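Below: the structure, in structure tokens.
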Amino acid sequence: MEYLDFEIPVKELEAQIEKAKILQQESDTDMSKNIDELTARLVKTRKDISKKLTAWQRVQLSRHPNRPYTLSYINAMTEGNFLELFGDRGVKDDKAMIGGWGMLGKESVMFIGQQKGVNTKMRQYRNFGMANPEGYRKALRLMKMAEKFNKPVVALIDTPGAFPGLEAEERGQGEAIARNIMEMARLKVPIICIIIGEGASGGAIGIGVGDRVLMLENTWYSVISPESCSSILWRSWDYKEVAAEALKLTAKDMLKNKLIDGVISEPLGGAHVNPIEMFETVRKTILSELRKLKKLPPEKLVEQRINKFCEMGVFNG
Amino acid sequence: MGWFKRSKDGITTNTVDKKETPEGLWHKCPKCKVIVSVDDNKANLYVCANCGHHGRINAKEYFQILFDDGKFTELDADLVSQDPLKFEDTKKYADRLKSTIAKTGLNDAVSSAYGKLNGKDITIAAMNFNFIGGSMGSVVGEKIARAMDHSLKHKIPFLMISKSGGARMMEAAFSLMQMAKTSAKIALLDDAKIPYISLLTDPTTGGVTASFAMLGDINIAEPNALIGFAGPRVVKETIGKELPEGFQTSEFLVEKGFLDFIVERKDLKKKITQFLTAVE
Ligand SMILES: [Zn+2]
Numbered sequence: 017m018e019y020l021d022f023e024i025p026v027k028e029l030e031a032q033i034e035k036a037k038i039l040q041q042e043s044d045t046d047m048s049k050n051i052d053e054l055t056a057r058l059v060k061t062r063k064d065i066s067k068k069l070t071a072w073q074r075v076q077l078s079r080h081p082n083r084p085y086t087l088s089y090i091n092a093m094t095e096g097n098f099l100e101l102f103g104d105r106g107v108k109d110d111k112a113m114i115g116g117w118g119m120l121g122k123e124s125v126m127f128i129g130q131q132k133g134v135n136t137k138m139r140q141y142r143n144f145g146m147a148n149p150e151g152y153r154k155a156l157r158l159m160k161m162a163e164k165f166n167k168p169v170v171a172l173i174d175t176p177g178a179f180p181g182l183e184a185e186e187r188g189q190g191e192a193i194a195r196n197i198m199e200m201a202r203l204k205v206p207i208i209c210i211i212i213g214e215g216a217s218g219g220a221i222g223i224g225v226g227d228r229v230l231m232l233e234n235t236w237y238s239v240i241s242p243e244s245c246s247s248i249l250w251r252s253w254d255y256k257e258v259a260a261e262a263l264k265l266t267a268k269d270m271l272k273n274k275l276i277d278g279v280i281s282e283p284l285g286g287a288h289v290n291p292i293e294m295f296e297t298v299r300k301t302i303l304s305e306l307r308k309l310k311k312l313p314p315e316k317l318v319e320q321r322i323n324k325f326c327e328m329g330v331f332n333g
Numbered sequence: 003m004g005w006f007k008r009s010k011d012g013i014t015t016n017t018v019d020k021k022e023t024p025e026g027l028w029h030k031c032p033k034c035k036v037i038v039s040v041d042d043n044k045a046n047l048y049v050c051a052n053c054g055h056h057g058r059i060n061a062k063e064y065f066q067i068l069f070d071d072g073k074f075t076e077l078d079a080d081l082v083s084q085d086p087l088k089f090e091d092t093k094k095y096a097d098r099l100k101s102t103i104a105k106t107g108l109n110d111a112v113s114s115a116y117g118k119l120n121g122k123d124i125t126i127a128a129m130n131f132n133f134i135g136g137s138m139g140s141v142v143g144e145k146i147a148r149a150m151d152h153s154l155k156h157k158i159p160f161l162m163i164s165k166s167g168g169a170r171m172m173e174a175a176f177s178l179m180q181m182a183k184t185s186a187k188i189a190l191l192d193d194a195k196i197p198y199i200s201l202l203t204d205p206t207t208g209g210v211t212a213s214f215a216m217l218g219d220i221n222i223a224e225p226n227a228l229i230g231f232a233g234p235r236v237v238k239e240t241i242g243k244e245l246p247e248g249f250q251t252s253e254f255l256v257e258k259g260f261l262d263f264i265v266e267r268k269d270l271k272k273k274i275t276q277f278l279t280a281v282e
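Protein chains in written order, with the numbering used here: chain A, 17 to 333; chain B, 3 to 282.
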């Protein structure tokens with residue numbers, strides 16, 4: 017387990033608990049009272065930390081090295097009943113964007129989502145979760161397939177941005193994202209989008225137009241990362257904390273501004289502390305939202321979805 | 003994004019500077035530096051007679067060029083930003099807005115109007131680059147959406163003239179959601195079989211490229227415009243080497259298959275008419 021700077025008190029308590037357990041085993045003395053006391057302190061410490069989380073700390077949590085990624089969610093939620101599909105039928109298969117058919121209980125669902133790598137080698141293989149145009153086109157192909165077979169789409173969003181490379185520009189990154197947004201707006205099946213980590217700008221909204229757009233508690237969603245915002249508006253990398261506050265990018269702020277439809281609670285301490293619990297919460301949320309969305313006729317669904325996004329924005333006059 | 007960085011790359015100066023140097027009577031081409039009178043420049047549609055450089059112009063100039071006899075009715079002129087996040091960087095966004103409105107005489111980075119183009123009814127929305135880099139906030143998204151509504155209601159074609167650095171960071175996610183708002187409206191135009199022409203001008207980048215600007219029945223561009231998703235500086239940093247000659251220009255995008263054709267400003271009205279006649 018890796019620890020962020022503000023998780024250090026947790027790390028120390030966990031180490032003490034571990035020590036007490038070993039001592040108990042080795043010396044055959046009853047340490048349970050001690051362990052219970054430490055565990056209670058651990059819970060309290062986690063609660064105290066989570067109560068005081070700043071916007072920047074939530075950004076850090078969204079990128080926690082132990083945080084579960086898209087495929088872990090899908091594999092757990094479908095209990096391995098996942099048929100991954102590959103390729104955009106034009107250029108290649110984009111490893112940063114994954115997708116395929118999965119079963120949530122009796123419910124057949126088309127999953128799409130950005131995938132980050134779990135170690136140095138895999139991070140490169142997945143291009144750090146930054147999709148190229150072919151990734152967005154692969155996602156669109158799969159969404160169209162879902163529409164054909166009248167099955168819902170679930171998009172799991174976790175990206176530091178669409179890839180800003182030379183070939184991405186040559187192959188029309190802008191066009192690919194634009195087309196996805198337009199086609200998602202009018203797709204005739206339910207779409208649930210969940211930000212499970214980072215929701216960076218066009219790269220996120222390129223698979224982010226849904227009947228329900230939900231954010232996990234410790235994620236961020238905005239037009240730019242706090243670091244880039246700092247660099248552009250303050251012309252220095254030193255204002256990321258201030259930028260994170262100013263952008264109002266947390267789940268709570270996004271809900272308050274009516275730019276998302278709901279927040280999904282994470283286990284105490286964050287998704288990485290108890291991934292199994294996190295997967296189960298997300299699975300239940302998807303199923304309960306789907307039950308509501310499936311009651312709507314396609315025309316109504318599309319109309320509501322388009323109207324929802326058309327109402328976003330604040331102005332005078 | 004990054005609208006004020008690019009101005010440093012020496013691509014062009016802004017419209018106000020151009021029109022006013024020197025002494026408000028003469029116009030110096032930012033590309034070839036040839037000087038002509040302001041009147042001659044205007045008569046040539048703000049295109050350099052020497053090198054063909056298409057000067058950056060605002061919505062009102064396009065309206066004059068495109069609408070018959072320069073007659074049009076503006077839509078939603080009074081819409082102004084509300085600074086929903088009370089955003090403050092080195093300057094308060096509210097102050098930035100106030101000073102930009104005073105300086106430009108515009109309320110935001112897009113103006114929309116309807117009128118006739120060679121006798122055909124049309125709605126046009128065009129961006130004003132000198133308003134915070136033509137960046138897209140709530141007002142830009144809303145005005146474009148309402149202009150499209152006007153086309154939907156009256157079943158008349160829609161022309162979008164893009165010129166923007168992308169999202170307006172000071173409106174953060176509100177800005178991002180305008181991509182969804184405008185693109186969703188285009189889906190409605192498309193379903194209603196209403197012609198949508200997207201004209202991309204220098205520069206069109208970021209969230210504007212990744213939404214309405216790339217979704218025309220035809221996407222067309224003025225010559226030598228910078229068009230891209232990521233700005234050239236970001237791409238250069240990503241790949242760690244110099245960009246190829248002509249990268250992200252209109253000509254590059256035609257070659258790569260993302261534009262239908264390049265149109266010189268003097269032919270714009272004619273080409274639009276030709277397209278509208280073909281599809282009506
Ligand atoms: Zn010239």
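Where is the CB? At the ideal position from N, CA and C, for every residue including glycine.
Computed from a predicted structure; not experimentally measured.
Let me check you understand the geometry: is the CB of residue i closer than 6 Å to at least one non-hydrogen atom of ligand 1?
i      : result
H55/B  : yes
V40/B  : no
N46/B  : no
K268/B : no
C209/A : no
V36/B  : yes
K30/B  : no
N52/B  : yes
K33/B  : yes
Is residue i close to chain B, meaning its C-beta is less than 7 Å from at least one C-beta of that chain?
i      : result
F144/A : no
V225/A : yes
F5/A   : Chain A is shown from 17 up to 333; residue 5/A falls before or after that span and cannot be answered.
K316/A : no
E186/A : yes
C245/A : yes
G333/A : yes
W250/A : yes
G278/A : no
G129/A : no
Since residue i contacts residue j with CB under 8 Å, what's their CB separation in whole angstroms?
i      : j      : result
D85/B  : G117/B : Not confirmed; about 32 Å, so no contact.
H56/B  : R267/B : 6 Å
L68/B  : T275/B : Actually they do not touch by this definition, with Cβ atoms about 10 Å apart.
G224/A : R79/A  : G224/A to R79/A, Cβ: 18 Å. No contact.
I211/A : L232/A : 6 Å
L255/B : I222/B : Their Cβ separation, rounded to whole angstroms, is 10 Å, which puts L255/B and I222/B out of contact at 8 Å.
S185/B : M198/A : 4 Å
G151/A : M113/A : 3 Å
K142/B : A111/B : Sequence inspection shows Val at residue 142/B; the Lys mentioned does not correspond to that position. Contact flag correct, Cβ pair sits at about 5 Å.
Give the DSSP-derived three-state secondary structure of residue i in the structure shown.
i      : result
C326/A : helix
T184/B : helix
E76/B  : strand
F165/A : coil
R187/A : coil
E233/A : coil
F160/B : strand
M294/A : helix
D110/B : coil
D151/B : helix
L217/B : coil
G54/B  : coil
G151/A : helix
A267/A : helix
Y198/B : strand
I24/A  : helix
E243/A : helix
T70/A  : coil
For residue i, decide whether its Cβ has a neighbour in chain A, counting only Cβ atoms nearer than 7 Å.
i      : result
G117/B : no
D219/B : no
E144/B : yes
V36/B  : no
L178/B : yes
G230/B : yes
M216/B : yes
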